[in-house]
Structure formats: C-alpha cells, structure tokens
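Notes to accompany the following structure.
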Amino acid sequence: MGEPDIKIKSYIAGLVHKFLPKHEETIHSGLFLMSSKQKDFNIFDWYFNGYSVISETISSYLRHLCYNKTVEFTNDGIYSLAKNQTIISAEELANAIQQVEDSLLDYKSSIDIIRDAEKIFSSA
10 MGEPDIKIKS YIAGLVHKFL PKHEETIHSG LFLMSSKQKD FNIFDWYFNG YSVISETISS
70 YLRHLCYNKT VEFTNDGIYS LAKNQTIISA EELANAIQQV EDSLLDYKSS IDIIRDAEKI
130 FSSA
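Residue numbers (our numbering): 10 to 133.
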C-alpha cells in the first residue's frame, strides 16, 4: 500500500466525518464527485449499478477501515470515525476533511451528492 491508498482511506474518513452517511452510496458518490474535480485523484473501476455509483475498490477500502477499527458502523446504521483509530494520522485526516469540504462545498445532504454523481456519471 502506498500514497494513493492512504489518500483514498483519508477521503473516506473525511466523508464519514462530514456526512455520517447511512448508505455506502454517499461515500462512493462523494469520492466519484471528488475524482471528477481533482486531476491527481483517480479510482479506476467505477461502474453504474442501478441508481448509484458503486466501486468494488471503495467497498474493499471501507471494509478494511471497518475491520481495522478506523471506521465503525453503529447500531443506528451510520458510519462513524472511531475515536481511537491509528490507521490515518491526524494530519492526513485534517487534510482529507479539508479536501472533502472544498470539493463538496455546495452539497448540503447525502442525497444531493448521490443525485449529482449519478447525473455526471450517466452523462459521461
């Protein structure tokens, strides 16, 4: 695992921190929108499945973050960042949260992210 791996993990943690999504689609769609705006951030295996942008790569990263107790899935069905996680440094997390906020500044809810990602992906 190298620098691109930690960037993806950090961005997932940033999305979890900002939006606390109840559905993986928010994380997938948010990363898709960010990759469409950032030239140095690319995830290679996006595909369209029903109404949401899904990536097996992102699902794998998310499972890894949950397995390593970086991200938790609560009894309420919400992803949250673990309080004592050690996988992502405070600096990487702060940078990722800032990138998430800058890239997704205009989105107020998870559904806005999903809808816009679906629209952009469908038109590509």
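Glycine residues also receive a C-beta, built at the ideal position from the N, C-alpha and C atoms.
Assign residue i to one of two classes, buried (16 or more other C-beta atoms within 10 Å of its C-beta) or exposed (fewer than that).
i, result
"T95", "exposed"
"G39", "buried"
"T83", "exposed"
"L113", "buried"
"Y116", "buried"
"S69", "exposed"
"E133", "Note on residue identity: the sequence assigns Ala, not Glu, to residue 133. Flag for A133 reads exposed."
"E34", "buried"
"S131", "exposed"
"S119", "buried"
Determine whether the beta carbon atoms of residue i and residue j lie at a separation below 8 Å.
i, j, result
"A22", "A105", "yes"
"V109", "Y20", "yes"
"K18", "I67", "no"
"S64", "H26", "no"
"I129", "S45", "yes"
Quick one: grab the DSSP three-state call for residue i.
i, result
"I63", "strand"
"R124", "helix"
"S89", "strand"
"F130", "helix"
"F41", "helix"
"A22", "helix"
"M10", "Per-residue confidence for M10 stands at a pLDDT of 49, beneath the threshold of 50, marking its modelled position as unreliable; the derived number appears in the next sentence. M10: coil per DSSP, three-state reduction."
What distance in whole Å lies between the Cβ atoms of residue j and residue i, which are believed to be in contact at a cut-off of 8 Å?
i, j, result
"G42", "I122", "Position check: residue 42 holds Leu in this sequence, whereas Gly was assumed. Right, the Cβ-Cβ distance comes to about 6 Å (below 8 Å), so this counts as a contact."
"K16", "F53", "Not quite, the Cβ-Cβ distance comes to about 14 Å (not below 8 Å), so this is no contact."
May I ask you to check if the CB of residue i is nearer than 7 Å to at least one heavy atom of the ligand SAH?
i, result
"A103", "This structure simply doesn't include the ligand SAH, nor any ligand for that matter."
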